[in-house]
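Colleague:
Residue numbers (the numbering used here): 3 to 267.
As structure tokens, then:
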């Protein structure tokens, strides 16, 4: 009776490398990214507190909550008053009352209820001076990105005569169902994100999610480049809101290219 013995071949060193070393490298990079992200927020906050205007207006971290509430209200009214002197349509972001408003010379043109909103925990650590730095002066929109066109144009060729007009196929205009998502980058460093959402919406859900994934991927790519170079990534404060698709579209197209924006929370 012949008994065959099978010897186990030694594993290839390349396989062993990928099986052991690569996961360790990825784990190290992930931990490094998490640590540097926390450092980025603290670094941003530290740099903010070192600004001259912030130091002059700061009255301490442990201010009375009632005082801080009144202070925010005062700044909100003063900022809106500043904007009311301009001849341009502005955007008021009132997170306290969950309202998003289009205004012109102090007159509310359109008021929208904010369904949901979120803002970075970073804002919770602002003292009076830091709060004024961000929200005490009207912000200006520097650039915007959106899933829809700012000024859609529909070109139609006019018929030469009544006979050509009668022979044409006439289709009633209809509203195109499209995902409405946009973001606005302000000159004070804050990014405002608007997401249009309706329960019975017929828009392309995948298109909307792809828009946000593209923004997240672009930010992650930039941060990872800094992380791999052992540099602290840049921190960008963000505020996100969810409103109806129709309102999101109307507000985006009504705003000028560089709108004035005031915010309170």
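Idealized CB from N, CA, C, for every residue including glycine. In this text the structure is predicted, and so the values were computed from the model without any measurement.
1. Under 8 Å: do the region 225-244 and the region 48-58 share three or more Cβ pairs, one atom per stretch?
2. Using CA coordinates, which residue listed in 192, 144 and 184 is at the minimum distance from residue 125?
3. Under 8 Å by Cβ, that's how I've got residue 102 and residue 253 pegged, so tell me the actual separation to the nearest angstrom.
4. Along the beta strand (DSSP E) that carries residue 246, what are the first and last residues, could you check?
5. Could you tell me the distance, in whole angstroms, from the CA atom of residue 226 to the CA atom of residue 109?
6. Note down the Cα distance separating residue 231 from residue 135, rounded to an integer number of angstroms.
7. By the DSSP assignment, the beta strand (DSSP E) with residue 96 in it spans what residues?
8. I want to know whether the region 114-132 touches the region 254-262 - three or more CB-CB distances under 8 Å.
9. Enumerate in chain order the residues of its own chain whose CB-to-CB distance from residue 97 is below 6 Å, with the five nearest sequence positions on each side excluded.
10. What do you reckon, are the CB atoms on residue 181 and residue 210 nearer than 8 Å?
11. Quick one, are the C-beta atoms of residue 150 and residue 256 less than 8 Å apart?
12. Measure the C-alpha to C-alpha separation of residue 26 and residue 233 and round it to an integer number of angstroms.
13. Does the Cβ-Cβ distance between residue 76 and residue 100 come in under 8 Å?
14. Please go through the region 181-223 and give each complete beta strand (DSSP E) segment of 3 or more residues, from N-terminal end onward.
15. Buried or exposed: which applies to residue 2, given that a residue is buried once 16 or more other Cβ atoms fall within 10 Å of its Cβ?
16. So residue 34 is in the beta strand (DSSP E); what residue range does that whole segment cover?
17. Would residue 138 and residue 56 qualify as a contact pair, given that the criterion is a beta-carbon distance under 8 Å?
18. Could you check the C-alpha separation between residue 88 and residue 113 for me, to the nearest Å?
19. Helix, strand or coil: how does DSSP classify residue 15 here?
20. Going by Cα to Cα distance, which pick from 147, 79 and 249 is closest to residue 2?
21. When DSSP labels each residue in this structure, what does residue 148 get in the three-state scheme?
22. For residue 183 and residue 69, what's the separation of their Cα atoms in angstroms?
23. In this structure, how does DSSP classify residue 257 when only helix, strand and coil are distinguished?
24. What did DSSP end up calling residue 231 once you bin it into helix, strand or coil?
25. In this structure, what does DSSP give as the bridge partners for residue 121?
26. Span of the alpha helix (DSSP H) holding residue 56?
27. Please list the terminal residues of the continuous alpha helix (DSSP H) segment that includes residue 80.
Modeller: Taking the structure as given:
1. no
2. 192
3. 7 Å
4. No beta strand (DSSP E) holds residue 246; DSSP gives it neither H nor E.
5. 45 Å
6. 31 Å
7. 92-96
8. no
9. 119 and 267
10. yes
11. no
12. 20 Å
13. no
14. 183-188 and 193-198
15. The question about residue 2 has no answer, for the chain in this structure spans 3 to 267.
16. Counting along the chain, residue 34 falls outside any beta strand (DSSP E), though it belongs to the alpha helix (DSSP H) covering 24-51.
17. no
18. 19 Å
19. helix
20. Residue numbering for the chain in the displayed model covers 3 to 267; residue 2 lies beyond these limits and cannot be assessed.
21. strand
22. 36 Å
23. coil
24. coil
25. 241
26. 54-59
27. 67-86
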